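The sequence shown begins at 1 in full-length UniProt numbering and counts up one residue at a time. Each remark here refers to the structure printed beneath this line.
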Amino acid sequence: MLCPRCKHNGSKVIDSRPADEGRAIRRRRECEECQYRFTTFERIEKTPLLIIKRNGNREEFNREKLLNGIVRSSEKRPISLEEMEKIVNIIEHDIHQYGENEVSSSLIGEMVMDHLAKIDDVAYIRFASVYRQFTDRAMFIKELEKMSTDKDGEKK
Numbered sequence: 001m002l003c004p005r006c007k008h009n010g011s012k013v014i015d016s017r018p019a020d021e022g023r024a025i026r027r028r029r030e031c032e033e034c035q036y037r038f039t040t041f042e043r044i045e046k047t048p049l050l051i052i053k054r055n056g057n058r059e060e061f062n063r064e065k066l067l068n069g070i071v072r073s074s075e076k077r078p079i080s081l082e083e084m085e086k087i088v089n090i091i092e093h094d095i096h097q098y099g100e101n102e103v104s105s106s107l108i109g110e111m112v113m114d115h116l117a118k119i120d121d122v123a124y125i126r127f128a129s130v131y132r133q134f135t136d137r138a139m140f141i142k143e144l145e146k147m148s149t150d151k152d153g154e155k156k
């Protein structure tokens, strides 16, 4: 570590402690040459997660944008903000677990729909209608019929 005062490339760590709610380590250092004391912070380097849109454009993952889409589809529904944030947290965690720097928006959309389908049919249909770009009544009916069919292919 270069000393900020004399630019000597050697220092010893005097004290280390967690910082930024455990996301960094604060280190007090002392230059071996001039004994100047200074502080450094060590953080994990995160590469940005990019979302590949339908048109091929890429944009950085934005959890607020994802939450806003879920909130819109859940308006006037009995879904708490905590439940919506939990969905976003799970999805964000899952996409980071893929270990890829780029993820398709279609994968994220499917993940949202899977979660919404488990907690509220209306919120699911609202989200699906925008995500799947329903253009007519037939598309809505087809999606509703799909929802009413259980995993065995039998009507509920």
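Even glycine gets a Cβ: it sits at the ideal position worked out from N, Cα and C. Given the structure is predicted, the values throughout are model-derived calculations rather than measurements.
For residue i, three-class secondary structure by DSSP
i      : result
Ile-14 : strand
Glu-42 : strand
6 Å Cβ shell around residue i - same chain, five flanking residues per side excluded
i       : result
Ser-73  : Ala-123, Arg-126, Phe-127
Ile-52  : Arg-58, Glu-102, Ser-104
Asp-152 : Any reading at Asp-152 is ruled out, since the residue's pLDDT is 44, under 50, leaving its predicted position unreliable.
Gly-10  : Glu-32
Arg-37  : Glu-30
Phe-61  : Leu-49, Ile-51
Pro-4   : Phe-38
8 Å contact criterion, which residue i and residue j should meet: CB distance rounded
i       : j       : result
Leu-49  : Val-103 : 7 Å
Arg-26  : Arg-17  : 5 Å
Ile-87  : His-115 : 5 Å
Ile-119 : Glu-83  : 7 Å
Arg-63  : Glu-92  : 6 Å
Strand pairing of residue i, partner residues [DSSP]
i       : result
Cys-31  : Ser-11
Arg-26  : Arg-17, Phe-41
Leu-144 : The partner list for Leu-144 (beta bridge, DSSP) is empty, contrary to what the question assumes.
Chain-order list of residues whose beta-carbon lies under 8 Å from that of residue i (same chain, five-residue window excluded)
i           : result
Tyr-131     : Gly-109, Val-112, Met-113
residue 178 : It is not possible to answer for residue 178, since the shown part of the chain is limited to 1 through 156.
Glu-85      : Leu-67
His-8       : Leu-2, Cys-31, Glu-32, Glu-33, Cys-34
Beta-carbon proximity list for residue i, same chain, < 7 Å, skipping 5 on both sides
i       : result
Glu-42  : Ala-24, Ile-25, Arg-27
Phe-134 : Phe-140
Asp-20  : none
Thr-40  : Met-1, Arg-27, Arg-29
Residue i beta carbon near the ligand ADP (any heavy atom closer than 8 Å)
i       : result
Glu-110 : The ligand ADP is not part of this structure, which contains no ligands at all.
Any chance you could list the alpha helix (DSSP H) runs of at least 4 consecutive residues sitting entirely within the UniProt domain "ATP-cone" (49-139), in chain order?
63-73, 81-97, 105-119, 121-131
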